[in-house]
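Chemist: Under our numbering, the first residue of the sequence shown is numbered 166, with each subsequent residue one higher. Even glycine gets a Cβ: it sits at the ideal position worked out from N, Cα and C.
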Amino acid sequence: MSATIISMVNHKGGVGKTTSTLNLGKALSLQKKKVLIIDLDPQSNLSQSTGIEEPEKNIYHALCEGAELPTLNLSTNFDLVPADLDLSEAELRLQSDVNGYFILKKILKSASEKYDFILIDCPPSLGILTLNALIASHRVIVVVQSEYLAVKGLQTIFNLIEKLKENLNTDLDILGMLITQINRTVFRTSIANTVREIYQGKVFETMIRANITLAEASASGKDIFSFDATCAGAKDYQDLAKEVIKLMKVK
Ligand SMILES: Nc1ncnc2c1ncn2[C@@H]1O[C@H](COP(=O)(O)OP(=O)(O)OP(=O)(O)O)[C@@H](O)[C@H]1O
Ligand SMILES: [Mg+2]
Numbered sequence: 166m167s168a169t170i171i172s173m174v175n176h177k178g179g180v181g182k183t184t185s186t187l188n189l190g191k192a193l194s195l196q197k198k199k200v201l202i203i204d205l206d207p208q209s210n211l212s213q214s215t216g217i218e219e220p221e222k223n224i225y226h227a228l229c230e231g232a233e234l235p236t237l238n239l240s241t242n243f244d245l246v247p248a249d250l251d252l253s254e255a256e257l258r259l260q261s262d263v264n265g266y267f268i269l270k271k272i273l274k275s276a277s278e279k280y281d282f283i284l285i286d287c288p289p290s291l292g293i294l295t296l297n298a299l300i301a302s303h304r305v306i307v308v309v310q311s312e313y314l315a316v317k318g319l320q321t322i323f324n325l326i327e328k329l330k331e332n333l334n335t336d337l338d339i340l341g342m343l344i345t346q347i348n349r350t351v352f353r354t355s356i357a358n359t360v361r362e363i364y365q366g367k368v369f370e371t372m373i374r375a376n377i378t379l380a381e382a383s384a385s386g387k388d389i390f391s392f393d394a395t396c397a398g399a400k401d402y403q404d405l406a407k408e409v410i411k412l413m414k415v416k
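Right, dumping it as structure tokens:
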């Protein structure tokens, strides 16, 4: 077994990267896939969303001190590598290391044998942490909020991915763009349609509806399936997991 490693990316903040990492990860585990989610954001929202605060060992120690990758079991087939604010220091340390862009790729090699999917929650920037994630990944999910200006700036991500593909990670591909926080207003629907028109064939069929229960679940340190398995958010992430599995089988 060798995991498919997927980065959840957008340098725009607050678009749903963390919510999607947690709930897509959990949904994949419920589809009997072995899943590891990695918190690669110094804000450590992913760790907090699973109820973990100030973990003793976190990704910083693996990236900068050569420690073993610290994995915590969350539920059946579902593990987390936590982060905390230490990780903001990692950016400087990695920048001054000649191999600083490749460390995550290196440390995921052995973990990769234990999982079907590894999802990496990236910070809202295209700095060295996100570059580590993209260099370690096979696929990218670009998370896009159905909001004004959502489309602007996306080209920056595509250009970066193209550049990485030329040289540093020829295996990298976009798995899909994920539209989040959709609702029935004409405004949000038209933004979703615009994204589909511009990026034909690259946008997931599944869209994540705006659903306050998703925010409530994260705030109480739970994934959506443990918090309220019947809500719209749970249904959407379950559909997304099925779509991801289908896409990976085809490719
Ligand atoms: N589909 C949704 N419906 C309602 N609220 C949502 C939805 N998805 C995410 N949220 C809420 O929106 C906020 C931002 O989401 P999230 O933290 O996942 O974004 P992010 O892209 O990871 O942000 P950052 O760039 O700061 O890391 C959170 O409060 C989250 O609970
Ligand atoms: Mg986040």
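1) Can you determine whether any heavy atom of ligand 1 sits closer than 7 Å to the C-beta of Ile171, and answer yes or no?
2) Report the option in Ile171, His176, Thr169 whose CA atom is closest to the CA atom of Val309.
3) Measuring CA to CA, which of Ala380, Leu405, Thr359 is closest to Phe369?
4) Please give the ranges of any alpha helix (DSSP H) in the region 176-215, keeping only runs that are unbroken, at least 4 residues long and fully inside the region.
5) Under 7 Å from any heavy atom of ligand 2, does the C-beta of Thr295 make it?
6) Just to confirm, are Ile202 and Leu211 a CB contact at a threshold of 8 Å?
7) Is any heavy atom of ligand 2 found at a distance shorter than 7 Å from the C-beta of Asp206?
8) Where does Gly178 land, buried or exposed, given buried means 16+ other C-beta within 10 angstroms?
9) Compare the C-alpha of Lys411 against each of Thr335, Leu187, Gly318, Thr371 and name the closest.
10) Does the region 330-338 come into contact with the region 185-195, if we say contact requires no fewer than three beta-carbon pairs (one atom in each stretch) closer than 8 Å?
11) Distance check for Leu294 and Leu325, CA to CA, integer angstroms please.
12) Nearest by alpha-carbon distance to Ala298: which of Asp204, Asp281, Asn332, Asn238 is it?
13) List the whole-angstrom C-beta distance separating Leu304 from Leu343, where the pair is believed to meet the contact cut-off of C-beta under 8 Å.
14) So what's Gln310 in DSSP terms, helix, strand or just coil?
15) Taking DSSP's pairing of strands, which residues face Asn238 in a bridge?
16) What does the alpha-carbon distance come out to for the pair Pro247 and Val360?
17) Thinking just about the alpha-carbon of each residue, which of Ala227, Leu237, Asp262, Ile300 is nearest to the one in Asp251?
18) Go through the residues and name those whose CB comes closer than 5 Å to any heavy atom of ligand 2, in chain order.
19) Threshold first: 3 residues or longer. Then list the beta strand (DSSP E) segments lying entirely within the region 257-314, N to C.
Modeler: So, to answer that:
1) no
2) His176
3) Leu405
4) 182-195, 210-214
5) no
6) yes
7) yes
8) exposed
9) Thr371
10) no
11) 14 Å
12) Asp204
13) Looking at the sequence provided, one finds Arg at residue 304 rather than Leu. In fact, because the Cβ distance is near 12 Å, the residues do not count as touching under 8 Å.
14) strand
15) Asp244
16) 32 Å
17) Ala227
18) Lys182, Thr183, Asn210
19) 282-286, 304-310
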